[in-house]
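Only one structure is covered here, and it is reproduced in the block below.
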Amino acid sequence: MVRLHPELRDKPFLLYAPEHGRMLVRTSSRALDKEGIAPGMVVADVRAILPSVEVFPDDPATTDKLLKDLAEWFLRYTPVPAIDPPDGLMLDITGCTHLWGGELSYLKSIVIRLRKGGYDVKAAIADTIGTAWAMARFGKNGAIVEPGRQSEALRSLPPAALRLDNSILQRLEKLGFRQIGQLNRIPRTNLRRRFGDVLLTRLGQALGTEPELLNPVKSPPLYQEWLPTLEPIRTAKGIEIALQRLLDTLCERFFNEGKGMRTGTFKGYRVDGKIEQISIGTNRASRNAAHLFKLFELKIPEIEPALGIELFVLEATLVEEVSETQEALWSMGNSDHAAIAELLDNIAGKVGMKSIHRYLPQEHHWPEASIKEVSSLVEEPETAWRTDRPRPLHLLPHPEPIEVMVALPDYPPLHFRYKGNLIKVAKADGPERIEQEWWLQTGPPRDYYYVEDENGARYWLFRLGTYGNGEPRWFLHGFFA
Numbered sequence: 172m173v174r175l176h177p178e179l180r181d182k183p184f185l186l187y188a189p190e191h192g193r194m195l196v197r198t199s200s201r202a203l204d205k206e207g208i209a210p211g212m213v214v215a216d217v218r219a220i221l222p223s224v225e226v227f228p229d230d231p232a233t234t235d236k237l238l239k240d241l242a243e244w245f246l247r248y249t250p251v252p253a254i255d256p257p258d259g260l261m262l263d264i265t266g267c268t269h270l271w272g273g274e275l276s277y278l279k280s281i282v283i284r285l286r287k288g289g290y291d292v293k294a295a296i297a298d299t300i301g302t303a304w305a306m307a308r309f310g311k312n313g314a315i316v317e318p319g320r321q322s323e324a325l326r327s328l329p330p331a332a333l334r335l336d337n338s339i340l341q342r343l344e345k346l347g348f349r350q351i352g353q354l355n356r357i358p359r360t361n362l363r364r365r366f367g368d369v370l371l372t373r374l375g376q377a378l379g380t381e382p383e384l385l386n387p388v389k390s391p392p393l394y395q396e397w398l399p400t401l402e403p404i405r406t407a408k409g410i411e412i413a414l415q416r417l418l419d420t421l422c423e424r425f426f427n428e429g430k431g432m433r434t435g436t437f438k439g440y441r442v443d444g445k446i447e448q449i450s451i452g453t454n455r456a457s458r459n460a461a462h463l464f465k466l467f468e469l470k471i472p473e474i475e476p477a478l479g480i481e482l483f484v485l486e487a488t489l490v491e492e493v494s495e496t497q498e499a500l501w502s503m504g505n506s507d508h509a510a511i512a513e514l515l516d517n518i519a520g521k522v523g524m525k526s527i528h529r530y531l532p533q534e535h536h537w538p539e540a541s542i543k544e545v546s547s548l549v550e551e552p553e554t555a556w557r558t559d560r561p562r563p564l565h566l567l568p569h570p571e572p573i574e575v576m577v578a579l580p581d582y583p584p585l586h587f588r589y590k591g592n593l594i595k596v597a598k599a600d601g602p603e604r605i606e607q608e609w610w611l612q613t614g615p616p617r618d619y620y621y622v623e624d625e626n627g628a629r630y631w632l633f634r635l636g637t638y639g640n641g642e643p644r645w646f647l648h649g650f651f652a
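With the first letter of the sequence shown counted as 1, position 449 gets the number 620 in our numbering; the numbers rise by one all the way through.
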């Protein structure tokens, strides 16, 4: 609220929402906190205590969006941020704090960044969700609870720190329970009999004896590596160094687990909050750090560091198994299949994946239907290539009309004109009649000729129609090697 209305920074104000016919406080400013104003109080009572208070309706949709945006911003600190309505966030920081030099430096970095952004922040670190929640809201700001010391940390906190319903809190208040430590001295059976399972569950979650899971805003990738920087990186060379280090670490994991990257994303988190990212894809799973670096390197100029990048993240968004003995690629015997795949990756990085494809045979004899275009290197053909009759290396997608001179019907052309050039035929073979596949389509047959010109270039021509039934038409359909 203060970020949108800076004039409210030092003024008492609150957000309210209707509930059971009354206007209740949802949240309040720091000035009201000092006056003892708390969520759940009636707005009229607050005005009686402090007439100058400014009130605004609470907008849950705006709050939800703010929390979601903040949770996504926290992806620079952890891959597992979660929203804790109505005003909190929970972070699973397992394996993250060492990147900032430890838990204290990690927590300080978060608090400083959020306060610079205009947020009022209270934070804590603990082994359990329940204890971290309690310490952030009722304990010392910036508290770090040592492993196994949850009970000691919670001892002096009020029962409200256990995330209990108001009805249970009121009963605890009437019975004189002011601190969580008092509950620990009561037999569990007595607590269950008086307060039900909820109290014991919340107490167990805080102490670590009951399981509790976060619901992250997005599932973290299984293969992800992080690299924070001591100073913001603004140069292409610095970005390349960060990328190389991340690739070395990730590819070592791939090697140990027998896997490789098919698609990957390299992200740079800028100090101004924006994220720069580039992505690559490979024809087959790769764990060759040098090869993957070359693919990313082609796109590094697309990254705009602006004031600097403070965190680099490398994600393998699609991972596949890599066998120790490389499987045959395109049935090419003992050739270096990995090298071919990497060559194609490099070409695709420059011209785009859609520009590279290969052809496989299909169970059709009609020329246009006898092959299909695929981009995968590992897709197997449904049938073998036809070898009993000559077929061109380059089949035109659409037959192109030509003008011909023939001596007699059913004879090959003496010469033909293609794109303005007169081509004289030196050798020829044919005709080979190819009928339409009647179960798929109807139409006249084609009579194909295999011809060679005076320079040794070879062509695949066909005649559509027959002499005696009108003037037949001739077409060029392909080129031989």
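The beta carbon of each residue, even a glycine, is placed where N, CA and C say it ideally should be.
Close beta carbons around residue i, own chain, < 8 Å, minus the five adjacent residues each side
i	result
F309	L328, P329, A331 and A332
N592	none
W244	G444
R644	P572, R634, L635 and G636
6 Å Cβ shell around residue i - same chain, five flanking residues per side excluded
i	result
R557	none
R433	T453, A456, L489 and E491
A628	none
E225	F184
Y394	A487 and V490
Q448	T436 and K438
K543	L531 and Q533
P552	L531 and P532
Contact set for residue i: own chain, Cβ-Cβ below 7 Å, skip 5 residues either direction
i	result
P391	P250 and V251
L370	L335, I339 and L362
Y589	I573 and L647
V442	P403, L478, G479 and E481
Per-residue burial, residue i [other beta carbons within 10 Å of its own, 16 or more giving buried]
i	result
F633	buried
T198	buried
V316	buried
Q321	buried
Y620	buried
I410	buried
Y290	exposed
Q612	exposed
M261	buried
I283	exposed
L221	exposed
G207	exposed
D156	Look at the range of the chain in this structure, 172 to 652, and you will see that residue 156 is not part of it.
I296	buried
W609	exposed
I357	exposed
Pairwise C-alpha distance: residue j and residue i
i	j	result
R604	T637	11 Å
V493	G429	5 Å
T406	A413	11 Å
A461	P399	22 Å
N640	L514	52 Å
L579	L585	10 Å
F677	D181	Since the displayed the chain opens at 172 and closes at 652, residue 677 lies outside it and no answer follows.
F426	R458	7 Å
L238	R201	19 Å
D419	L270	17 Å
K470	I446	15 Å
K595	F587	7 Å
R349	G367	19 Å
P189	C422	55 Å
Nearest-angstrom Cβ-Cβ length linking residue i and residue j, presumed shorter than 8 Å
i	j	result
K293	A307	5 Å
P476	I404	6 Å
L143	G431	The question about residue 143 has no answer, for the chain in this structure spans 172 to 652.
F437	P561	Incorrect: roughly 48 Å between the Cβ atoms, too far for contact.
E396	L417	5 Å
T299	Q376	6 Å
N386	A303	Not really, about 15 Å apart at Cβ, beyond 8 Å.
V214	Y248	With a Cβ gap of about 36 Å, V214 and Y248 do not count as contacting.
V545	H528	6 Å
P563	V622	Not really, about 11 Å apart at Cβ, beyond 8 Å.
Bridge partner(s) assigned by DSSP for residue i
i	result
F587	V575 and I594
P189	M194
Y440	I446 and L482
K345	None; K345 has no bridge partner.
F633	Y619 and F646
K430	E492
D181	DSSP, once it has assigned bridges, lists no residue as partnering D181.
M261	A253
G641	DSSP lists no partner for G641.
K543	L531
F464	According to DSSP, which records beta bridges pairwise, F464 is partnered with nothing at all.
Residue i at chain B interface by Cβ criterion, 8 Å
i	result
A477	Reference to chain B is not applicable here, since this structure consists of a single protein chain.
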